[in-house]
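So the sequence lines, in the order shown, correspond to chains U and R. The first sequence begins at 1 in the numbering used here and counts up by one. The second sequence begins at 1001 in the numbering used here and counts up by one. From the three backbone atoms N, C-alpha and C, an ideal C-beta is built for every residue, glycine too.
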Amino acid sequence: MRNIAVLACAMLVVGSAVVRPAADEMPNLKDPKVISAGHALFLEKQCAHCHGEDGAGGVNLARRVLDAKGVFISIADGREKNGIRMPAWREVLTDQEIWQATAYVLSISKTKQ
Amino acid sequence: MRKSPLATGLVLACLLSSTGIVVAAEPGTEDPNNWPQYNRTANAWRYSPLDQINKENVGKLSVAWIAHGGDITMGLQETPIVIDGVIYSISAGDKVTALDAKTGQTLWIYEPKLDPLNKKVLFSPYSRGVAVGHGMVFIGTVDGRGIAIDQRTGEEKWQVQLTDFANCHGCNFTSPPTVAGDILTFGSTAGELAAQGKIFGVEAATGKKVWEFNTIKQDPKSWPGDSGKYGGGGAWMPGTYDPETDTVFYGTGNPGKDFDDSERAGDNLYTDSVVALDPKSGKLKWYRQEIPNDVWDYDAPYEVLLFKKDGKDLIIHLNKSGYVYVLDKNTGNIENIWPISDVKNFVKDVDRKTGELIQRVELPMNKETLICPSTFGGRSWNSGAYNPKTGLWYNDVLDFCGYLKPVEQKVDPKDYGTGHTGSNDFGRLVMAPDGRKPGKLSANDPFTGERKWSVDMDVPGFACVLTTGGGLVFNGDPMGKLQAHDADTGKVLWSFNTGSGMRGGIVSYSVDGEQYILVASGWGSYAALLMPALLPQLEKVPAASTLIAFKVSK
């Protein structure tokens, strides 16, 4: 019985290590420090290449109303829509960094704050 | 003993007929009905001698069939191959389809399972084409493999991992290999990658790698300190194989970091060069570097055209700077250099005899500098086409500029989605300072540069041009407009809306005595991502992955 309990606990730990729902770690996306960190990432990772530093680049974000989880997933898993493609950043960036970039993207989009 | 003329003639006829059978089965053969390799023939002219479709009847060109089915991601960038009534096409995800050239019906499909890492790298999931030879269809994949497929059945014959995909910043293949006799050569992406770009030689029959050529020269004078370790370069467009001299020519990519040369104060060989290689050994026969110590991203991987003129064997080669180099095919010596456009300010000029860059404009760190042409170049990678009847070379010239700003950047070959460029972007695009239209279809003498005619374009062309024996030039634009021009004057003779922009090739072939024009319609590539900042109308162009075949209705 004790062995079964130990095994069950072990499985729970392993199971929770494999599944990492991103939303649980969402910081305050309106925090200026988070947005500032996201801005720095946006530049460093060349998001401005396609989106422009202010979001009004070839793939325009400034005109869009976006949601936080959608932006997070797009950055983490990449995006292929309407023929254009964004690379995936999961494991190249940490989840915290992806949230920071999300915060900056929301701040330059049409999303109501 | 004197040979009888009849005997000699018979022997010659036998030799020619037996040679004809062998040659007809291999790519590069002068068979007017086929498009057997990327630029159609070994001289890379992209010229079809077919003239059933001509100036008199092109107005009656209409759709013969349409084939859909490819993934639309990053568009359809290929030049399809057509041999003996079969089309060999490649679409996103390196999916290869064989189609009946008369009906567009699918004959077979091959789709490799790609390394999931390809979702993270910069240059994916597109391909500019396949190569065909030795009874096989060959591809270079976006996860760095070479694969051979049975030409008749679509069954895989062999595959070989060539690049160290996970450790070279995602370096891979986005263009077809080149068939060079019994060897296949593959040129990898690299310019914007923290890697050293290589060209690989592989046995066509087996896939066994026999050599690799490093486009980064191991020379501390050329690459001071550690700068060559992530020197970039590569050769990301198809090479030209010259059977006459058994040489494969490649244009090479730019050095890294693209816009910051502070650690690579040397000429950075063999980046931005034409290299002539022995395909059996990979040994360098000669090189001609066109842009030493490049800081503008003016890489040189574009097509190498071959000519015989006035007793000389010549090469015509354009690099991204917009300057065209006329070189001796056997030595790489410079015969002439001319600019395809006067929208240029990165140098005052290039010395026509020595190739020296005169009064370079360097890029100060953390400041924007206006540079013309932009990082799309004076022309993009889409090939031009040369017509021997007119003596003119037709190209989609790009006449716009960009602001470049180098910044400090850490190097990390595992940062797959970030280019090793020393910048935050690839240049902020702007129109030319004199406000001219952003592009033109230009017809030039390839040796002197003298322009015979040009047609201004509101939206510049990014498709490979086709020219034909019927006196026509076919060109497609990103808005979907496909046009036939009079090759002598540029006059538009026919126009058709394909529904999506063109980024790949327009080819011509004949089946059962009927000539077809075949177009890859499917807007995509980095042009689709970046150009809307300059031309907002491009944002609304739908993506596609469609082949459209036209013929003259009876």
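Reducing DSSP to helix, strand and coil, say where residue i ends up.
| i | result |
| --- | --- |
| residue 1059/R | helix |
| residue 15/U | At residue 15/U the pLDDT is 42, less than 50, meaning the model places this residue with poor confidence and gives no usable figure here. |
| residue 1028/R | In this predicted model, residue 1028/R has a pLDDT of only 45, less than 50, meaning its place in the structure is not dependable; the value taken from the coordinates is given anyway. Correct three-state label for residue 1028/R: coil. |
| residue 1495/R | strand |
| residue 46/U | coil |
| residue 94/U | coil |
| residue 99/U | helix |
| residue 1521/R | strand |
| residue 1537/R | helix |
| residue 1304/R | strand |
| residue 1091/R | strand |
| residue 1532/R | helix |
| residue 1283/R | coil |
| residue 1309/R | strand |
| residue 1255/R | strand |
| residue 34/U | helix |
| residue 1190/R | coil |
| residue 71/U | helix |
| residue 1452/R | strand |
| residue 51/U | helix |
| residue 1047/R | strand |
| residue 1386/R | strand |
| residue 1416/R | coil |
| residue 1216/R | coil |
| residue 108/U | helix |
| residue 1444/R | strand |
Run through chain R and tell me which residues come within less than 9 Å of residue i, C-beta to C-beta.
| i | result |
| --- | --- |
| residue 129/U | Residue coverage of chain U in this structure runs from 1 to 113, which leaves residue 129/U outside it and unanswerable. |
| residue 99/U | Per Cβ cutoff of 9 Å: no residues; residue 99/U is ~17 Å from chain R at best. |
| residue 27/U | Those do not exist, as residue 27/U stays about 22 Å from chain R at its closest Cβ, beyond 9 Å. |
What does residue i reach in chain U if we use C-beta pairs closer than 9 Å?
| i | result |
| --- | --- |
| residue 1532/R | 57, 58, 59, 60 |
| residue 1254/R | Simply none; closest approach about 16 Å. |
With DSSP as the reference, please indicate the residues paired to residue i in a beta bridge.
| i | result |
| --- | --- |
| residue 1439/R | 1398/R, 1457/R |
| residue 86/U | 79/U |
| residue 1428/R | 1403/R |
| residue 1336/R | 1326/R |
| residue 1201/R | 1185/R, 1211/R |
| residue 1508/R | 1517/R |
| residue 1232/R | 1196/R, 1255/R |
| residue 1108/R | 1098/R |
| residue 1484/R | 1474/R, 1494/R |
| residue 1275/R | 1250/R, 1287/R |
| residue 1131/R | 1138/R |
| residue 1350/R | 1357/R |
| residue 1468/R | 1048/R |
| residue 983/R | Past the edges of chain R, shown from 1001 to 1554, lies residue 983/R, and the structure says nothing about it. |
So with CB distances below 7 Å, who are the chain U contacts of residue i?
| i | result |
| --- | --- |
| residue 1546/R | Those do not exist, as residue 1546/R stays about 12 Å from chain U at its closest Cβ, beyond 7 Å. |
| residue 1529/R | 50, 58, 59, 84 |
Could you tell me which chain C residues have their CB closer than 7 Å to the CB of residue i, listed as they occur along the chain?
| i | result |
| --- | --- |
| residue 1404/R | This model lacks chain C altogether, as its protein chains are U and R. |
For a contact meaning CB atoms closer than 8 Å, what does residue i contact in chain U?
| i | result |
| --- | --- |
| residue 1543/R | 82, 83, 84 |
| residue 1414/R | 92 |
Starting from the beta carbon of residue i, find every residue of chain R whose beta carbon is closer than 7 Å, and list them in chain order.
| i | result |
| --- | --- |
| residue 46/U | 1418, 1419, 1424, 1425 |
| residue 43/U | 1424 |
Using a Cβ cut-off of 8 Å, pull out every chain R residue sitting near residue i, in sequence order please.
| i | result |
| --- | --- |
| residue 88/U | 1119, 1120, 1417 |
Item to check | Members of the segment 1512-1524 of chain R that neighbour chain U once the beta carbon cut-off is set at 8 Å | outcome: Those residues of the segment 1512-1524 of chain R placed with their C-beta closer than 8 Å to a C-beta in chain U are 1522, 1523, 1524, ordered along the chain.
Next on the checklist: Beta carbons nearer than 8 Å to chain U: which residues of the segment 1112-1133 of chain R have them?
Outcome noted: Answer set for the segment 1112-1133 of chain R: 1119, 1120, 1121, 1122, 1124, 1125.
Item to check | Sufficient close CB pairs (3 or more, under 8 Å) joining the segment 1484-1498 of chain R to the segment 1450-1470 of chain R | outcome: Judged by Cβ distances under 8 Å, the segment 1484-1498 of chain R makes contact with the segment 1450-1470 of chain R, as three or more pairs qualify.
Next on the checklist: Output needed in chain order: residues of the segment 1059-1087 of chain R with a Cβ under 9 Å from some Cβ in chain U.
Outcome noted: Under the 9 Å Cβ criterion, the segment 1059-1087 of chain R contributes 1071, 1072, 1073, 1074, 1075.
Checklist entry - Using a beta-carbon distance cut-off of less than 7 Å, what residues from the segment 1416-1429 of chain R approach chain U? => result Of all residues in the segment 1416-1429 of chain R, 1416, 1417, 1418, 1419, 1424, 1425, 1426 have a Cβ within less than 7 Å of some Cβ in chain U.
Checklist entry - How about the segment 1214-1229 of chain R and the segment 1167-1175 of chain R: do they share at least three Cβ pairs that are nearer than 8 Å? => result Pairwise C-beta distances place the segment 1214-1229 of chain R out of contact with the segment 1167-1175 of chain R, as fewer than three of them are shorter than 8 Å.
Checklist entry - Is the segment 1399-1415 of chain R touching the segment 25-40 of chain U in the sense that three or more CB pairs, one from each, lie closer than 8 Å? => result Touching, no, given that fewer than three Cβ pairs across the two stretches are closer than 8 Å.
Item to check | Stretch-stretch touch, CB-based, cutoff 8 Å, three pairs: the segment 1188-1199 of chain R with the segment 1152-1159 of chain R | outcome: No, because fewer than three Cβ pairs between the segment 1188-1199 of chain R and the segment 1152-1159 of chain R fall closer than 8 Å, the two stretches do not touch.
Checklist entry - Is the segment 1339-1349 of chain R close to the segment 1277-1289 of chain R, with three or more CB pairs under 8 Å? => result With the cut-off at 8 Å, the segment 1339-1349 of chain R and the segment 1277-1289 of chain R do not touch.
Item to check | Touch test, the segment 1505-1523 of chain R against the segment 39-52 of chain U, Cβ-Cβ under 8 Å, three pairs minimum | outcome: No, because fewer than three Cβ pairs between the segment 1505-1523 of chain R and the segment 39-52 of chain U fall closer than 8 Å, the two stretches do not touch.
Checklist entry - Are there three or more Cβ pairs, one per stretch, closer than 8 Å when the segment 1245-1254 of chain R is compared with the segment 1172-1191 of chain R? => result A contact exists between the segment 1245-1254 of chain R and the segment 1172-1191 of chain R.
Checklist entry - Is it true that the segment 1310-1320 of chain R meets the segment 1353-1365 of chain R, where meeting means three or more beta-carbon pairs spaced less than 8 Å apart? => result Taking a cut-off of 8 Å for Cβ pairs, the segment 1310-1320 of chain R and the segment 1353-1365 of chain R do not touch, as fewer than three such pairs fall below it.
Next on the checklist: Tell me whether the segment 1479-1486 of chain R and the segment 1494-1509 of chain R touch, counting them as touching only if at least three CB pairs, one residue from each stretch, are closer than 8 Å.
Outcome noted: By the criterion of at least three beta-carbon pairs nearer than 8 Å, the segment 1479-1486 of chain R is in contact with the segment 1494-1509 of chain R.
Checklist entry - When the Cβ atoms of the segment 1317-1327 of chain R are set against those of the segment 1258-1268 of chain R, are three or more pairs found closer than 8 Å? => result Counting Cβ pairs under 8 Å, fewer than three are found: no touch.
Item to check | the segment 1047-1055 of chain R contacting the segment 1320-1330 of chain R, beta-carbon criterion three pairs below 8 Å | outcome: No contact exists between the segment 1047-1055 of chain R and the segment 1320-1330 of chain R.
Checklist entry - What are the residues of the segment 64-83 of chain U that lie near chain R, defined by any Cβ-Cβ distance shorter than 7 Å? => result Residues 78, 80, 82, 83.
Item to check | Validate contact between the segment 1498-1509 of chain R and the segment 1453-1472 of chain R using beta carbons, cut 8 Å, 3 pairs | outcome: Enough Cβ pairs lie closer than 8 Å, so yes.
Checklist entry - At a cut of 8 Å, does the segment 1172-1189 of chain R reach the segment 1220-1230 of chain R through at least three beta carbon pairs? => result These segments do not touch.
Checklist entry - Below 8 Å, can you find three or more Cβ-Cβ pairs linking the segment 1296-1311 of chain R to the segment 1381-1396 of chain R? => result Output reads yes: the segment 1381-1396 of chain R touches the segment 1296-1311 of chain R.
Next on the checklist: Within 8 Å, do at least three Cβ pairs link the segment 77-96 of chain U to the segment 1531-1545 of chain R?
Outcome noted: As far as the Cβ criterion goes, the segment 1531-1545 of chain R touches the segment 77-96 of chain U, which means the pair count is three or higher.
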